[in-house]
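See below for the structure under consideration.
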Amino acid sequence: MRLARIIKLIGGLYTIQDLKSGELLDAVASGKLRFVRVDEYSPFNVSVSRRTKKEPQTVQISPKVGDIVRYDDEDDNNPIQEVFERKNELFRPDIANIDQILLMFSAVLPDLSYILLDRFLVIMEQANIKPIIIISKIDLINEEEHNELERNIMYYKKIGYDVHLVNNLDAETLEDLEDVFKDKVTAVAGQTGVGKSTLLNSLRPDLELRTQEPSKALGRGKHTTRHTELFLYKGGLVADTPGFSKLSFGKITETELKEYFIEFGQYSLGCKFKNRCYHINEPDCNVKNNDEILESRRNNYQLFYNEIKDKKEIY
Ligand SMILES: Nc1nc2c(ncn2[C@@H]2O[C@H](COP(=O)(O)OP(=O)(O)OP(=O)(O)O)[C@@H](O)[C@H]2O)c(=O)[nH]1
Ligand SMILES: [Mg+2]
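Under the working numbering, think of the first position of the sequence shown as 908, with each following residue one higher.
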């Protein structure tokens, strides 16, 4: 029995890296793994509905990229027999046990969406994974657009996020980023076409990852990267992941949402109902109309609050 980390999964076939020897091996999921009874507190009890989450249940554990596993090296198929508890887990991208995530958005092609950015930040705050914001394709915008971008991005920096503006095709603009990866397990995530694979190719040219052909790069092309895979980089690991077009909130409740807009807390001291203010219909709210908070953040908060609340009422 030996321990390994899953670094790739394609069509039910796993590639694992033995933790001791560093050797890469093909592996399969053992039949024994398939059904496990988990209690309320198990990280594998991740049923999307909040009601069922409370009950112990029998679930199918599918090992995923990033999992630390025990496998049987005496069997030629290297069957994975146990998946160790995950320190964190995401579904989009489908990965476990990361230290941080690079959230990539392009300035254009596709246009930067602040709704998607705030949505992504909420999901990472809830999963307790450190987000690092990357804005790519800044070589494709003019000075005026650049100034507007800087103004908005300054706000995200001010509230405590790490933000980098890059041209993925120009290694010089990536120099500041290199230290970010040192000794960490990092996933690169974002909409399709923003340049995730291009960034990794610039950092590690030997990877030769497939990227979207420039002639098709109209901003809404189809997915080029089809699976999540971890690569060695700067003493750590970095994952290229498939892009997506939609993201849902999973288990987040509307009452906890305000905690994931990390700057709201300090302002709520000025609300009539202090920490019990949800910044929706309460009188004397110091968040809802506060000019110090970026307007799009305040609007997105309301939008998400209603989205989550409406969804709950269906159950
Ligand atoms: N000008 C410019 N083009 C870029 C930049 N980053 C990526 N591109 C181009 O954008 C297109 C999409 O890049 P990809 O790396 O394939 O995008 P991706 O995020 O990996 O997309 P999926 O794998 O589909 O999720 C390619 O044609 C890249 O050459 C950038 O910073 N500047
Ligand atoms: Mg890609």
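The beta carbon of each residue, even a glycine, is placed where N, CA and C say it ideally should be.
For residue 1155, the three-state DSSP class (helix, strand or coil):
coil
If residue 1099 sits next to residue 1108, beta carbons under 8 Å apart, how far is it from one beta carbon to the other, in whole angstroms?
Not a contact, Cβ separation roughly 16 Å.
For residue 1180, count neighbouring Cβ atoms within 10 angstroms of its own Cβ and tell me buried if that reaches 16, exposed if not.
With fewer than 16 other Cβ atoms within 10 Å, it is exposed.
heavy atom of ligand 2 below 7 Å from residue 915 C-beta
no
Under the three-state DSSP convention, the category residue 1013 falls into:
Residue state, collapsed to three classes: strand.
Does at least one heavy atom of ligand 2 sit under 7 Å from the Cβ of residue 1217?
no
Identify, in the order they occur along the chain, each residue of the same chain with its Cβ nearer than 8 Å to the Cβ of residue 1046, setting aside the five sequence neighbours on each side.
1074, 1076 and 1077
Reference residue 1205, options 1172, 1217 and 1114, closest by Cα:
Ranking the options by Cα distance to residue 1205, first place goes to 1172.
What is the DSSP secondary structure of residue 1053, counted as helix, strand or coil?
helix
Would a C-beta distance cut-off of 8 Å place residue 985 and residue 932 closer than the cut-off?
Contact check for residue 985 against residue 932 passes: the beta carbons are separated by less than 8 Å.
What are the complete beta strand (DSSP E) segments, minimum 3 residues, inside the region 1075-1113?
Fully enclosed beta strand (DSSP E) runs of 3 or longer: 1092-1097.
Just verifying my parser: in three-state terms, what is the DSSP assignment at residue 1022?
helix
Which runs of the beta strand (DSSP E) fall wholly inside the region 1126-1196 and span at least 3 residues, in chain order?
1136-1140 and 1143-1147
Can you tell me whether residue 1121 is buried or exposed? The criterion is at least 16 other CB atoms within 10 Å of its CB, across all chains shown.
exposed
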